[in-house]
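Worksheet: the structure to be examined is printed underneath.
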Amino acid sequence: MTAPVVAPVPAPIPLNERLYRTEAVVLSRLDYGEADRILTVFTPQRGKLRLIAKGVRKPTSRLGPHLEYFTRCGLMLARGRDLDTVTGAETLDPHLGLRSDLDAFGHASHVAELLLRLTEDRQENGRAYELLVGSLRLFADGVDPFAVTRHFELNLLAALGYKPELYRCAGCEEPLAAVVNAFSPRLGGFLCPLCRTTDASAFPLSVTAQKYLRTLDRQGLAAVARLPVGDGLKTELEGALGGYLRHLTERELHSLRVWHALKDGAPAG
Ligand SMILES: [Zn+2]
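Numbering (our numbering), first residue to last: 8 to 276.
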């Protein structure tokens, strides 16, 4: 590679470098200015991106209909100083079934929230994208949103390198017996009855709840979608995965704050 020649006046970026195409799912939208919107989308190759869609709130906008919540779309984007700009959009899958089902829509919102909070801008994660698109399709098809969401959570944790340990004690590392073990969000796994006291914030999880998680891990979504899940079990499973995700989110947000402080405090240059 030869060193780039520095021109006295910045040359316009050629069209093929300024414009690029990507597939994306719209995770969040924020009205901006008179008729614009700032979107956060998730993409297969670029992870999470923040974009501006100009004039999109005008009734005549040709982009608007393709940029609804949870729409899987193809985008043409122009690189910008801060935010890239949407210059073209087409719908690949509107996930229509989601829009008429409040339960499914609520669970899809939770899935979007997890990606927004647990992933960083422009960090590629193809597995997380596949998981998102697959889960939205299942929500839209009317598959039990509880099972789809727990499947998404467990697999997103794995895709981000935080898979919980379901088979061995996080304290003594002995295989877990089929008894009530305590789940520790801080340790990302279970504590056996002997190690239970090492984390006061760990909470007991029934044998059935532990079995559900292991079945989901080993046999996948189809195996747990068939299981009868009562309200008590739902509460336990949401508590365990939700507690762990909350713990990570707080840690991630903290690490991002530290990173920003370092970045902003660093001398310009
Ligand atoms: Zn132990």
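Think of the CB as a built atom: it goes at the ideal place given N, C-alpha and C, for glycine as much as any other residue. Bear in mind that the values here come from a model prediction, so they are computed numbers and not experimental data.
Discussion item. Applying the 10 Å Cβ sphere with the 16-neighbour rule, what's the burial state of P182?
Written reply: The Cβ neighbour count for P182, taken over all protein chains shown within 10 Å, is under 16; the residue is labelled exposed.
Item to complete: Within the same chain, show all residues whose beta-carbon is closer than 7 Å to that of S213, passing over the 5 residues directly before and after it, in chain order.
Response: V187, E243
Fill in: Residue from L105, L201, L82, L164 with nearest C-alpha to E180
L201
Worksheet item: Within the present structure, is the beta-carbon of G133 separated from the nearest heavy atom of ligand 1 by less than 6 Å?
Response: no
Item to complete: Quick one: residues in its chain with C-beta nearer than 7 Å to the C-beta of A275, no 5 flanking neighbours on either side, listed in chain order?
Response: Model confidence at A275 stands at a pLDDT of 37, short of 50, so the residue's coordinates are unreliable; what they give is reported in the following sentence. The beta carbon of A275 is closer than 7 Å to none in its chain, skipping five residues each way along the sequence.
Worksheet item: Would the beta-carbon of C199 be found less than 6 Å away from any heavy atom of ligand 1?
Response: yes
Practice prompt. May I have the straight-line CA-CA distance separating R157 from A96, to the nearest angstrom?
Written response: 31 Å
Item to complete: Could you check which residue in V63, H102, V236 has the C-alpha nearest to that of D151?
Response: The shortest C-alpha separation from D151 is found at V236.
Worksheet item: Taking 7 Å as the CB-CB limit, is L240 close to chain C?
Response: This model lacks chain C altogether; it includes just one protein chain.
Worksheet item: Does the beta carbon of G195 fall short of 6 Å from some heavy atom of ligand 1?
Response: No heavy atom of ligand 1 is found nearer than 6 Å to the CB of G195.
Worksheet item: Short check: CB of L125 to CB of L223, under 7 Å?
Response: Contact: no.
Worksheet item: What are the uninterrupted segments assigned as beta strand (DSSP E) that are 3 or more residues long and contained completely in the segment 82 to 125, given in chain order?
Response: 91 to 100
Item to complete: Report the rounded CA-to-CA distance for Q226 versus T67, giving the unit in angstroms.
Response: Distance between the alpha carbons of Q226 and T67 is about 48 Å.
Worksheet item: What does DSSP give as the partner residues of P211 in its beta bridges?
Response: A189
Worksheet item: Can you tell me whether DSSP reads F197 as helix, strand or coil?
Response: strand
Worksheet item: So which of Y219, L248, A166 has the shortest CA-CA distance to L234?
Response: Y219
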